[in-house]
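Beneath this line is the structure, given in structure tokens, with notes to follow.
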Amino acid sequence: MPYPHGRFCWADVAVPNMAAGVDFYTAMFGWAADETNAGSMPYTMFTRDGLPVAGIGLLTVEQRRAGWAPDWTPYISVDDVDPIAIKAQELGASLLMEPFDLPAAGRMLHASDPLGAVVGFWEAGEHAGAGAVGQPGAMCWNELACWDVEAAIDFYTNLVGWKSDTQAHEDFEYTSVAVGDRLNGGIYNMTGILDDVPPHWSTWFAVDSADAAMIRLTELGGSVVREAPNAVFGKGAIVCDPQKAPFGIMELAPP
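Here it is in structure tokens:
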């Protein structure tokens, strides 16, 4: 069954060396790899306990020459990609590629939102998205770091109908977004925190132990960028895989 309109449903990473990426992520999270043929694009789907959890694709030479870097992209489930593409541009986004079909699986779109953060949109066919979320080894959160939270809220609220709730945590404000009554992700102002990087979405994966995961990560050639020992939802860190694609790991706090 497709995810509700506006919910994050999937995430995948693009790297220049897919074989090395598959080796890293299967060792890091205990995922199994299922190579698929997405038209002309090589693509591998990761599964855990038989359920799809994430994907990996090739970052081509041409894309790297154009300035693209290894990165994770989260996907928002939408009822129909094509009107989303039109409305996103009307609201100030730019399309990185026109909507296109992945035979039988679904229809997708990559865009850069008005803040400059890359995000995907997914119209489900046979592939609805992640079969497991919010548990160790699966996606648990997606978070936008930007310089203008109000502009971000305005864009995504008008585009996919998110609700937002901004709360103060000591000296730090954090905006949670929701679809209906279910939390869907977060947005924060990165001024003074990540001044040297452009606005971006981060995909977070749940782990049993943040400390053990960081040790495992570094053993596999990855690196810890920034620890978040007192994050709102638990203990975690922003990390990079060996090809410098950033993502988050989170040891979830009790509900």
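Residue numbers for the sequence shown follow the working numbering, so the first one is -9 and each next one is one higher. Ideal Cβ positions, reconstructed from N, Cα and C, are used throughout, including at glycine.
Cβ neighbour criterion (16 or more within 10 Å) applied to residue i
i, result
"Q79", "exposed"
"G124", "exposed"
"R38", "buried"
"R107", "Sequence inspection shows Ala at residue 107; the Arg mentioned does not correspond to that position. It counts as buried."
"P236", "buried"
"V197", "buried"
"H159", "exposed"
"R55", "exposed"
"R172", "exposed"
"V51", "exposed"
"Q233", "buried"
"F195", "buried"
"G247", "There is no way to answer for residue 247, as the model of the chain reaches only from -9 to 245."
"V169", "buried"
"R(-3)", "buried"
"S199", "exposed"
"A202", "exposed"
"F36", "buried"
"F145", "buried"
"A243", "exposed"
"T193", "buried"
"G11", "buried"
Residue from the options with nearest C-alpha to residue i
i, options, result
"G47", "Y15, V215, A196 and T147", "Y15"
"L81", "Y178, S192 and L149", "L149"
"F162", "V169, N174 and N179", "N179"
"G212", "A218, I228 and Q157", "I228"
"M204", "P42, Y164 and I239", "I239"
"V68", "C230, N132 and P(-8)", "P(-8)"
"D72", "W137, L85, A9 and W62", "L85"
"M87", "Y146, Q53 and P42", "Q53"
"P64", "N7, D185 and H190", "H190"
"P(-6)", "I66, Y146, P89 and M35", "I66"
"G57", "D138, V12, M31 and P6", "P6"
"M129", "Q157, P42, E25 and T34", "P42"
"K77", "L99, D91 and L92", "L99"
"D185", "I143, P32, D138 and K153", "D138"
"P32", "T193, L92 and A218", "L92"
Whole-Å CB distance - residue i paired with residue j, under 8 Å assumed
i, j, result
"V109", "A101", "6 Å"
"A141", "L105", "6 Å"
"V167", "I177", "7 Å"
"T208", "V215", "The Cβ separation is near 12 Å, so there is no contact."
C-beta contact flag for residue i and residue j at 9 Å
i, j, result
"G20", "G127", "yes"
"A17", "L210", "yes"
"A83", "D103", "yes"
"N132", "G175", "yes"
"A23", "A120", "no"
"C230", "W112", "no"
"H117", "A135", "no"
"A9", "W62", "no"
"T147", "T156", "no"
Span of the beta strand (DSSP E), counted from its first residue to its last, around residue i
i, result
"V5", "F(-2) to V5"
"D61", "D61 to S67"
"V229", "G224 to C230"
"A135", "M129 to C136"
"K153", "K153 to H159"
"W194", "H190 to A196"
Endpoints, the alpha helix (DSSP H) within which residue i is located
i, result
"M18", "M8 to F19"
"D201", "A200 to E209"
"E80", "V71 to E80"
"Q53", "V51 to R55"
"D144", "V139 to V150"
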